[in-house]
Structures are given as structure tokens and as C-alpha cells.
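Numbering (the numbering used here), first residue to last: 1340 to 1597.
Note that the Cβ used here is the ideal one computed from N, Cα and C, for glycine as well.
Have a look at the structure below before the remarks.
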């Protein structure tokens, strides 16, 4: 820890960081104590990085405390470190991060909520879409919110995404935003989006036409999968009904006329 704070050589600092991380959970008491002493921001950030490499609930809980740190550099590192853990318990942390004043923190939290396919985060992500339709927002955040909604795959995202496709003006790059919305609709693959996707597939913009074609293919694939599932469910019923059919009795011989 002293080397992390005082070493001028970057390689030495990196090796010290990795060495502490390899110690694992046994390193948590001194790491916690160092944070409580309010170190310089660069040492605090290095400790946050180390905590991201240590498994277990205790390391996660220490990280969560610093999601509200006044220094944005620390909050960004907290998000990166928690993201390494692929822990569903991080949902609430990332949802909280959607209200961060720093765009980089908000963007990173949206990305991670998409990775986690967090249905719990869907209302907050839909709110990002609603805000973006009527106010000037960070275009990167708007597009990433569309992408995350697509990854989550919940049908509640269809109508808000369709509303993006119906807009002729958005405060940002309309083509980029609509491309993200089309991709997301393809991931959700709900039939209610077919009409609007077809309109873009028949449109003049070659890029959006390509996105719409891929999305429509996903709708077709899902439809075929559903048909195949229905056939699989019907086959045992048909087989049972055939097995249960009574065998035909031989026709009686005609009476001897003699």
C-alpha cells in the first residue's frame, strides 16, 4: 500500500496493486483502514481497483459505500470494479447510478444493467427514453438505454422504442438513435413491432434498412421457433391418440347360402 502511494514508477505501482489483489480477502482489513483514513484520490482509486479483484460479499459492500463519493474519478472506478463481479446484487447500485451527475458514470451503469438483463431497471431505463424524446440529453446515453432495453428483452420496452421510430425529429443524431431502437426491437422480437420495422425495411435509408432487415429476421426466427414448439407439444398427443385407437375387428364371414 505504501508503494501504491509513493512509487513513481508506474510498473512498480501496477505490480504492487496486483500483489495486494492476490492476497485476497486477508487484505480487506488494511484496505478498509486505508480508505477510512481519507487517502489521496489516486490511492483511493487504486484501492477501489483492488477491491474489484477480490471476491466475496465484504469487498462488494465496501465498494458500494463509495458509489456516492464526491470525487467522480472514484465513482467511475467503483462502477468498473463492481462490474467485474457480475453480481445481481449490483442491480441496485447501477440503478442508483442512473441519477449520477456524471455522464460517464450514468453510461457505464446503463451498460451494466443491459449486461445483467435487469428487469428491475426497466422502468428507469424507459424513463431515460421518455426524457430523451423531449429534451436534449447525452446521445450516447440515449442509444445505450435503447440497447440495454433490447438486451433485457421485456415487451414493455416495445412501445417506447416504437415511439422513437415514429419521430421525425430528436435532439441528437436521429439515424444513430433509430438504429439503436431498431436493433433493440429485433432483440425483443415482438410481433407488434413488425409493421414499423417493415416500413423502415422499405425505406430509403440503406443503413436503417439493413438494421430493419436483421430485426425482421429475428421476428421470423422467433415465429418459427414458436411453431416448432407447438408441433413438439402436439406430437405426444397425436401419438397417444393413435395408440389408443381400438383395433378393427375382422368382418364376420357371410352365412353359407347352402
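Going by the CB atoms, is the gap between residue j and residue i shorter than 8 Å?
{"i": "residue 1497", "j": "residue 1527", "result": "yes"}
{"i": "residue 1383", "j": "residue 1413", "result": "yes"}
{"i": "residue 1491", "j": "residue 1456", "result": "yes"}
{"i": "residue 1605", "j": "residue 1352", "result": "With the chain running from 1340 to 1597 in the structure shown, residue 1605 is simply not present."}
{"i": "residue 1461", "j": "residue 1435", "result": "no"}
{"i": "residue 1346", "j": "residue 1360", "result": "no"}
Can you find the residues in the same chain that come closer than 7 Å, C-beta to C-beta, to residue i, ignoring five residues on each side of it along the sequence?
{"i": "residue 1484", "result": "1449, 1464, 1467 and 1468"}
{"i": "residue 1386", "result": "1370, 1373 and 1374"}
{"i": "residue 1519", "result": "1482, 1485 and 1486"}
{"i": "residue 1403", "result": "1432"}
{"i": "residue 1420", "result": "1387, 1388, 1390, 1391 and 1402"}
{"i": "residue 1572", "result": "none"}
Whose C-beta lies closer than 8 Å to the C-beta of residue i among residues of the same chain, with five residues either side of it excluded?
{"i": "residue 1401", "result": "1367, 1370, 1371, 1374 and 1390"}
{"i": "residue 1380", "result": "1410, 1412 and 1413"}
{"i": "residue 1544", "result": "1514"}
{"i": "residue 1539", "result": "1504, 1517, 1521, 1547, 1548, 1550 and 1551"}
{"i": "residue 1423", "result": "1391 and 1392"}
{"i": "residue 1512", "result": "1478"}
{"i": "residue 1493", "result": "1458, 1461 and 1527"}
Skipping 5 residues on each side, what residues in its chain have a beta carbon closer than 6 Å to that of residue i?
{"i": "residue 1439", "result": "1445"}
{"i": "residue 1459", "result": "1430"}
{"i": "residue 1398", "result": "1390"}
{"i": "residue 1451", "result": "1422 and 1433"}
{"i": "residue 1425", "result": "none"}
{"i": "residue 1447", "result": "1418"}
{"i": "residue 1535", "result": "1501 and 1504"}
What I want to know is whether the C-beta of residue i ends up closer than 7 Å to one or more non-hydrogen atoms of the ligand HEM.
{"i": "residue 1459", "result": "With respect to small molecules bound, the structure shown includes none, and the ligand HEM cannot be examined in it."}
Rounded to a whole number of angstroms, what is the C-alpha to C-alpha distance between residue i and residue j?
{"i": "residue 1365", "j": "residue 1406", "result": "23 Å"}
{"i": "residue 1537", "j": "residue 1479", "result": "26 Å"}
{"i": "residue 1488", "j": "residue 1394", "result": "29 Å"}
{"i": "residue 1554", "j": "residue 1502", "result": "16 Å"}
{"i": "residue 1509", "j": "residue 1568", "result": "41 Å"}
{"i": "residue 1680", "j": "residue 1377", "result": "The structure shown does not extend to residue 1680, since the chain is modelled only from 1340 to 1597, so the question has no answer here."}
{"i": "residue 1454", "j": "residue 1561", "result": "22 Å"}
{"i": "residue 1416", "j": "residue 1388", "result": "7 Å"}
{"i": "residue 1533", "j": "residue 1558", "result": "8 Å"}
{"i": "residue 1596", "j": "residue 1570", "result": "Reliability of the predicted coordinates at residue 1596 is poor, the pLDDT of 45 falling under 50, and the value obtained from them is presented with this limitation in mind. Answer to the nearest angstrom: the Cα atoms are 53 Å apart."}
{"i": "residue 1525", "j": "residue 1500", "result": "11 Å"}
{"i": "residue 1486", "j": "residue 1363", "result": "35 Å"}
{"i": "residue 1542", "j": "residue 1442", "result": "34 Å"}
{"i": "residue 1358", "j": "residue 1340", "result": "10 Å"}
{"i": "residue 1530", "j": "residue 1408", "result": "44 Å"}
{"i": "residue 1481", "j": "residue 1473", "result": "12 Å"}
{"i": "residue 1427", "j": "residue 1564", "result": "29 Å"}
{"i": "residue 1348", "j": "residue 1396", "result": "33 Å"}
{"i": "residue 1590", "j": "residue 1556", "result": "Its pLDDT being 49, under 50, residue 1590 is placed unreliably by the model, and the measurement read from it follows with that caveat. In a straight line, the C-alpha of residue 1590 is about 56 Å away from that of residue 1556."}
{"i": "residue 1437", "j": "residue 1507", "result": "27 Å"}
Can you look up residue i in the DSSP assignment and give me helix, strand or coil?
{"i": "residue 1354", "result": "helix"}
{"i": "residue 1541", "result": "coil"}
{"i": "residue 1593", "result": "Residue confidence for residue 1593 is low, a pLDDT of 49 falling below 50, so the modelled location carries little weight; the figure read from the coordinates is stated next. Note: residue 1593 maps to coil in three-state DSSP."}
{"i": "residue 1481", "result": "helix"}
{"i": "residue 1512", "result": "coil"}
{"i": "residue 1367", "result": "helix"}
{"i": "residue 1393", "result": "coil"}
{"i": "residue 1408", "result": "coil"}
{"i": "residue 1451", "result": "helix"}
{"i": "residue 1438", "result": "coil"}
{"i": "residue 1346", "result": "coil"}
{"i": "residue 1529", "result": "coil"}
{"i": "residue 1519", "result": "helix"}
{"i": "residue 1462", "result": "helix"}
{"i": "residue 1457", "result": "coil"}
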